[in-house]
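Undergrad: Quick one: this structure, given as structure tokens, is what I'll be asking you about.
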């Protein structure tokens, strides 16, 4: 756990009437996180360490130090160097750049750097005229329910050929709750896969 996080968690613990749960919630809100950075017992251990030793630094321990903590800086550097202009990278690219096994990179990115993989969702861009058209369709289908059996419903996917994002094989690693990217490539070459599903 990074020192800045330890400091903030202890500060929020005392600011919220000695509540570990409230400290975690405050830290999530202040850093725009979607997952808990740690559990309640970890906060209580930090507070106990601070009250007993007046420090948040780890005390000298016997035995070999944790490999994950030692490699966290290397992975963070590799994440920064392999990220594209949109701040996106992959576990495979980070592993290749750092020379650390993919399983270790995945664990460090999630548990040490607090990055989370988000699956891309493709959303249709809505225009002002679309609302009225949708309302008219809803009214029409409500008055003609028998027409539902005659509509060809389908599942479809576009596979881009110009190196654009393919949401089936891409995850965005981010520490914020809702990473967003807006793209408009109307003239890109792509393959259209169509699967009809008419259940009448």
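Numbering (my numbering), first residue to last: 1364 to 1563.
Beta carbons: idealized from backbone N, C-alpha and C, even for Gly.
#1: How big is the Cα-Cα spacing for residue 1403 and residue 1432?
#2: Report whether the distance from the Cβ of residue 1417 to the nearest heavy atom of the ligand ATP is below 6 Å.
#3: Pair every Cβ in the region 1405-1418 with every Cβ in the region 1436-1453, then say whether three or more of these pairs are closer than 8 Å.
#4: Any idea what DSSP makes of residue 1417, helix, strand or coil?
#5: For a test of the three-state rule: what should DSSP assign to residue 1400, helix, strand or coil?
#6: Verify whether the separation of the beta carbon atoms of residue 1372 and residue 1385 is less than 7 Å.
#7: Do residue 1388 and residue 1419 have their C-beta atoms closer together than 7 Å?
#8: Hey, could you find the ends of the alpha helix (DSSP H) residue 1461 is sitting in?
#9: Which residue's Cα is closest to the Cα of residue 1482: 1497, 1509, 1380 and 1452?
TA: So, to answer that:
#1: Working through the chain shown from its first residue, we reach residue 1403 at position 40. Working through the chain shown from its first residue, we reach residue 1432 at position 69. So the two alpha carbons sit approximately 21 Å from each other.
#2: This structure does not include the ligand ATP; it has no bound ligands of any sort.
#3: Touching, no.
#4: The count along the chain shown starts at 1 and reaches residue 1417 at position 54. If DSSP states are grouped into helix, strand and coil, residue 1417 belongs with coil.
#5: Mapped onto the chain shown, residue 1400 falls at position 37. DSSP places residue 1400 in coil when its eight states are reduced to three.
#6: In the chain shown, counting from the first residue as 1, residue 1372 sits at position 9. In the chain shown, counting from the first residue as 1, residue 1385 sits at position 22. Going by C-beta atoms, residue 1372 is not nearer than 7 Å to residue 1385.
#7: The sequence position of residue 1388 within the chain shown is 25, counting from 1. The sequence position of residue 1419 within the chain shown is 56, counting from 1. The answer is no: Cβ separation not under 7 Å.
#8: Start at 1 with the first residue of the chain shown, and residue 1461 comes out as number 98. Here the alpha helix (DSSP H) through residue 1461 covers 1454-1461.
#9: On the chain shown, position 119 is the one that residue 1482 refers to. Out of 1497, 1509, 1380 and 1452, 1452 has the C-alpha closest to the C-alpha of residue 1482.
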